[in-house]
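Participant: One structure is given below, represented as structure tokens, and several questions about it will come after.
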Amino acid sequence: MSERSGTPADDPFRGRQPTSHEQRAGQPWDASYRDGPAPWDIGQPQPAIVRLASGGGFAGAVLDAGCGTGDNALHVASLGLPMLGVDVAETAVAIAQEKAGARGIDAEFVVGDAFELGLLGRTFDTVLDCGLFHTFEGEERRDYVTSLASVTDRGATLYVLCFSDVDPDNSGPHPVGEDELRAAFGRGAGWNIEAVEPSRIETTFAADGMPAWLATITRI
Ligand SMILES: C[S@@+](CC[C@H](N)C(=O)[O-])C[C@H]1O[C@@H](n2cnc3c(N)ncnc32)[C@H](O)[C@@H]1O
């Protein structure tokens with residue numbers, strides 16, 4: 020077992036070490052999904068992801084890391100690509116599974132830890148991270164990047180859509196600097212940053228979105 024997983028116990032984190040976000044929030048991610056939509060759960064795919072998909076950005080087997088209730092994953096899956104959505108929040112995964120069934124879209128959603136992606140036992144050609152990376156700090160980022168590397172082969176593409184720090188007076192939670200993206204996904208860790216472009220992430224409190232980065236990253 021890794022240092023991130025402990026003895027399975029009847030605790031709100033189900034034996035996981037709480038992430039820095041969960042420690043600050045004082046509750047597991049799952050709690051965000053139990054009483055109606057979370058602020059990031061806008062009931063449709065993020066426009067930035069829709070544009071990416073319509074531009075042919077997704078190919079092969081796709082992983083959505085931290086998929087939430089699945090609208091981004093379902094949009095990509097609706098294009099006919101094999102999709103696996105993974106999230107630690109079991110309520111979110113159950114909602115995503117229900118949506119897939121109700122919409123008749125073939126997509127798989129499982130409860131899983133982004134720090135332990137290797138346990139999935141498969142690799143992916145494209146990985147989507149919409150709003151997950153920016154919730155991690157310090158060593159979590161290093162461990163997450165290593166975990167992503169364990170499920171990707173050379174040439175795979177990773178998209179990270181995260182809140183940006185470009186407008187300190189109007190930023191979402193966990194704003195990330197471009198330099199932080201470049202530091203996390205360096206060549207030494209097995210990645211090459213192809214592009215970091217200004218984008219937006221819509222939320223229930225900001226329909227026109229908050230400043231974000233869309234990073235296109237290749238596994239080398
Ligand atoms: C800001 S939400 C974004 C959800 C979804 N991608 C979206 O765009 O609606 C971050 C998601 O990451 C999930 N998450 C946080 N830490 C995780 C981890 N270690 N492993 C897997 N999922 C995680 C949370 O449960 C939550 O659903």
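My numbering applies: residue 20 is where the sequence shown begins, and numbers increase by one. The C-beta atom is built at its ideal place from N, Cα and C for all residues, glycine as well.
(1) In the DSSP assignment, what are the bridge partners of residue 211?
(2) Our contact map puts residue 43 next to residue 107 with C-beta atoms below 8 Å; I'd like the distance itself, whole angstroms only.
(3) Alpha carbon to alpha carbon, what distance is there between residue 30 and residue 147?
(4) Cβ of residue 236 within 8 Å of Cβ of residue 177?
(5) What's the C-alpha gap between residue 157 and residue 165?
(6) Taking 7 Å as the cut-off, is the CB of residue 210 close to at least one heavy atom of ligand 1?
(7) Assuming residue 110 and residue 49 form a contact by the criterion Cβ under 8 Å, report the distance between their Cβ atoms to the nearest whole angstrom.
(8) Is residue 105 close to ligand 1? I mean its beta-carbon at under 7 Å from any heavy atom of the ligand.
(9) At a cut of 8 Å, does the region 131–150 reach the region 167–174 through at least three beta carbon pairs?
(10) Using DSSP bridges, identify the partner residues of residue 232.
(11) Between residue 65 and ligand 1, is the CB less than 7 Å from at least one heavy atom?
(12) The beta strand (DSSP E) spanning residue 127 covers which residue range?
(13) At what residue ranges does the region 98–126 contain a whole run of the alpha helix (DSSP H), taking only runs of 4 or more?
(14) Applying the criterion that 16 or more other CB atoms from any shown protein chain within 10 Å of the CB defines a buried residue, is residue 119 buried or exposed?
(15) Considering only heavy atoms of ligand 1, does any lie closer than 7 Å to the CB of residue 151?
Facilitator: This is what the structure holds:
(1) In the sequence shown, the residue the question calls residue 211 occupies position 192. Checking the DSSP bridge columns, you'll see residue 211 partnered with 237.
(2) Working through the sequence shown from its first residue, we reach residue 43 at position 24. Working through the sequence shown from its first residue, we reach residue 107 at position 88. In this structure residue 43 does not touch residue 107 by the C-beta definition: roughly 16 Å separates them, more than the 8 Å allowed.
(3) Numbered from its first residue, the sequence shown carries residue 147 at position 128. Numbered from its first residue, the sequence shown carries residue 30 at position 11. Looking at the two C-alpha atoms, the distance is approximately 29 Å.
(4) On the sequence shown, residue 236 is found 217 positions in, with the first residue counted as 1. On the sequence shown, residue 177 is found 158 positions in, with the first residue counted as 1. In contact: residue 236 and residue 177 (Cβ atoms closer than 8 Å).
(5) By one-based count along the sequence shown, residue 157 stands at place 138. By one-based count along the sequence shown, residue 165 stands at place 146. Going from the Cα of residue 157 to the Cα of residue 165 covers about 13 Å.
(6) On the sequence shown, residue 210 is found 191 positions in, with the first residue counted as 1. For residue 210, the Cβ stays outside the 7 Å cut-off from all heavy atoms of ligand 1.
(7) As a first step, residue 110 is located in the sequence shown; it is residue number 91 there, counting from the start. As a first step, residue 49 is located in the sequence shown; it is residue number 30 there, counting from the start. So it is a contact: roughly 5 Å between Cβ atoms.
(8) Residue mapping note: residue 105 aligns to position 86 of the sequence shown, counting from 1. Checking every heavy atom of ligand 1 against the Cβ of residue 105, one is found closer than 7 Å.
(9) Flag = yes, the region 131–150 and the region 167–174 touch.
(10) Locating residue 232 in the sequence shown gives position 213, where the first residue counts as 1. Among the bridge pairs identified by DSSP, residue 232 is matched with 181, 217.
(11) Counting from one through the sequence shown, the residue named residue 65 turns up at place 46. For residue 65, the Cβ falls inside the 7 Å cut-off from some heavy atom of ligand 1.
(12) The sequence position of residue 127 within the sequence shown is 108, counting from 1. Judged by DSSP secondary structure, residue 127 falls within the beta strand (DSSP E) whose first and last residues are 127–130.
(13) Segments of the alpha helix (DSSP H) lying fully in the region 98–126: 109–122.
(14) On the sequence shown, position 100 is the one that residue 119 refers to. Burial call: buried.
(15) Here residue 151 corresponds to residue number 132 of the sequence shown, with the count starting at 1. Checking the 7 Å criterion, the Cβ of residue 151 is within range of a heavy atom belonging to ligand 1.
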